[in-house]
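S.K.:
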Amino acid sequence: MSRRALATALSLLVIGAAAGAASAADQAADKTAAPSTATPQTAIFAGGCFWCIEADFEKLPGVISVESGYTAGQTVNPTYAQVSAGGTGHTEAVRVHYDAQKVSYPQLVEYFWRHIDPTVKDRQFCDVGSQYRSGIYWQDDSERKAVESSRDALLKSGKFTRIETELQPASAFYLAEAYHQDYYKKNPIRYSYYRSGCGRDQRVENLWGSR
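Under mature numbering (1 follows the signal peptide of the UniProt record, and there is no 0), the residues of the sequence shown are numbered -24 to -1, 1 to 187, in order.
In structure tokens form, the structure reads like this:
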């Protein structure tokens, strides 16, 4: 059993009705942000395990909240079991809610690159399969231009000879099950075990240097 599967199985064992209600309350409290005059914007990214990329984005100033989910597939309302089996076409993804007065979409894109491995196809770190492919899913033409410009600049820099990250227009985004939301907060020990064992941070540092 993989580290990811073990962590998920352990979580499911301890989730009950009372725990679920408490987690929902904790999640709502955790994601409360200070009022802003700006209308929150959204951005959709896939960076392998959504537990990890959610945790990364929630550290970025200007990000209000992050939701884990599934996108870029065919099945309507897919479950984690279906997506993780690789038969729906979806990839694990996050929907980032952000304050555009504090962080711009191009800044989100640049931040995203530096938290993934863009050089591999249909995998991220220890997770292998199209359901773990990386991707940026634009929602309008201005986002498309920002994404393509950023990718082109990376290639022109000579840092990478190829970029395998999928760049596509956004499609339906389905929220993952409640126990996946803010997993790193609700299950810090299991999350740390998984992230460390997967070698994510070491590979990112090898690619991008220390952050």
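Here a beta-carbon is modelled for each residue, glycine too, at the ideal position from N, C-alpha and C.
Just so we're clear, the structure is a prediction, and the values are computed from it rather than from any experiment.
Classify residue 77: buried if its beta carbon has 16 or more other beta carbons within 10 angstroms, exposed otherwise.
M.R.: Counted from its first residue, the sequence shown places residue 77 at position 101. It is exposed - the Cβ of residue 77 has fewer than 16 other Cβ atoms within 10 Å.
S.K.: Can you list the alpha helix (DSSP H) stretches of 4 or more residues lying completely in the region 50 to 95, in chain order?
M.R.: The region 50 to 95 contains these whole alpha helix (DSSP H) runs: 56 to 61 and 81 to 89.
S.K.: How do the region 135 to 148 and the region 107 to 126 stand: do at least 3 beta-carbon pairs fall below 8 angstroms, yes or no?
M.R.: Result yes; three or more Cβ-Cβ pairs closer than 8 angstroms.
S.K.: Starting from the Cα of residue 33, find the closest Cα among 91, 124 and 165 and give me that residue.
M.R.: As a first step, residue 33 is located in the sequence shown; it is residue number 57 there, counting from the start. Per the Cα distances, 91.
S.K.: Please name the residue in 70, 167, 117 and 49 whose C-alpha comes closest to that of residue 61.
M.R.: For the purposes of this step, residue 61 is identified with residue 85 of the sequence shown, where counting begins at 1. Nearest of 70, 167, 117 and 49 to residue 61, Cα basis: 49.
S.K.: Between 55, 73 and 153, which lies nearest to residue 65 when the distance is taken from Cα to Cα?
M.R.: Position 89 of the sequence shown, counted from the start, is the residue given in the question as residue 65. Closest by alpha carbon: 55.
S.K.: Taking all protein chains shown into account, decide if residue 131 is buried (16 or more other Cβ within 10 angstroms of its Cβ) or exposed.
M.R.: Locating residue 131 in the sequence shown gives position 155, where the first residue counts as 1. Counting Cβ neighbours within 10 Å, residue 131 comes out exposed, since fewer than 16 surround it.
S.K.: On the CB-based measure, 16 or more other CB atoms within 10 Å of its CB, does residue 163 come out buried or exposed?
M.R.: To locate residue 163, count along the sequence shown from 1; it is residue 187. Classification for residue 163: buried.
S.K.: On the CB-based measure, 16 or more other CB atoms within 10 Å of its CB, does residue 24 come out buried or exposed?
M.R.: Within the sequence shown, numbered from 1, the residue matching residue 24 stands at position 48. So residue 24 counts as buried.
S.K.: Mind checking which residues open and close the beta strand (DSSP E) that includes residue 20?
M.R.: As a first step, residue 20 must be located in the sequence shown, where it is residue number 44. Taken as a continuous stretch (DSSP letters only), the beta strand (DSSP E) holding residue 20 covers 17 to 23.
S.K.: Taking its Cβ as the centre, do 16 or more other Cβ atoms sit within 10 Å of residue 41, making it buried, or is it exposed?
M.R.: The residue you call residue 41 lines up with position 65 of the sequence shown. Buried, since its Cβ has 16 or more Cβ neighbours within 10 Å.
S.K.: Quick check on residue 8: does DSSP put it in helix, strand or coil?
M.R.: Residue mapping note: residue 8 aligns to position 32 of the sequence shown, counting from 1. Residue confidence for residue 8 is low, a pLDDT of 48 falling below 50, so the modelled location carries little weight; the figure read from the coordinates is stated next. In the structure shown, residue 8 sits in coil (DSSP, three-state: anything other than H, G, I, E or B).
S.K.: Can you give me the C-alpha to C-alpha distance between residue 107 and residue 156, rounded to a whole angstrom?
M.R.: Along the sequence shown, one-based indexing puts residue 107 at 131. Along the sequence shown, one-based indexing puts residue 156 at 180. Near 15 angstroms, if we compare the C-alpha coordinates of residue 156 and residue 107.
S.K.: Starting from residue 108, follow its DSSP beta bridges and name the residues at the other end.
M.R.: Counting from one through the sequence shown, the residue named residue 108 turns up at place 132. Its beta-bridge partners do not exist; DSSP assigns none.
S.K.: Just grab the DSSP bridge partners of residue 144 for me.
M.R.: The residue labelled residue 144 in the question sits at position 168 within the sequence shown. Answer is 113.
S.K.: Compare the C-alpha of residue 171 against each of 116, 147, 17 and 102 and name the closest.
M.R.: Within the sequence shown, numbered from 1, the residue matching residue 171 stands at position 195. For residue 171, the nearest C-alpha among the options comes from 102.
S.K.: Going by the C-beta, is residue 137 closer than 7 angstroms to any heavy atom of the ligand HEM?
M.R.: Here there are no bound small molecules, and the ligand HEM is not part of this structure.
S.K.: Using a threshold of 8 angstroms, state whether the C-beta atoms of residue 22 and residue 47 are closer than that.
M.R.: For this step, residue 22 is matched to residue 46 along the sequence shown. For this step, residue 47 is matched to residue 71 along the sequence shown. Yes, the Cβ-Cβ distance between residue 22 and residue 47 is below 8 angstroms.
S.K.: Thinking C-alpha only, which one of 147, 167, 138 and 17 is nearest residue 95?
M.R.: By 1-based counting over the sequence shown, the position of residue 95 is 119. Per the Cα distances, 138.
S.K.: For the beta strand (DSSP E) that contains residue 45, what are its first and last residues?
M.R.: The sequence position of residue 45 within the sequence shown is 69, counting from 1. First-last of the beta strand (DSSP E) with residue 45: 39 to 47.
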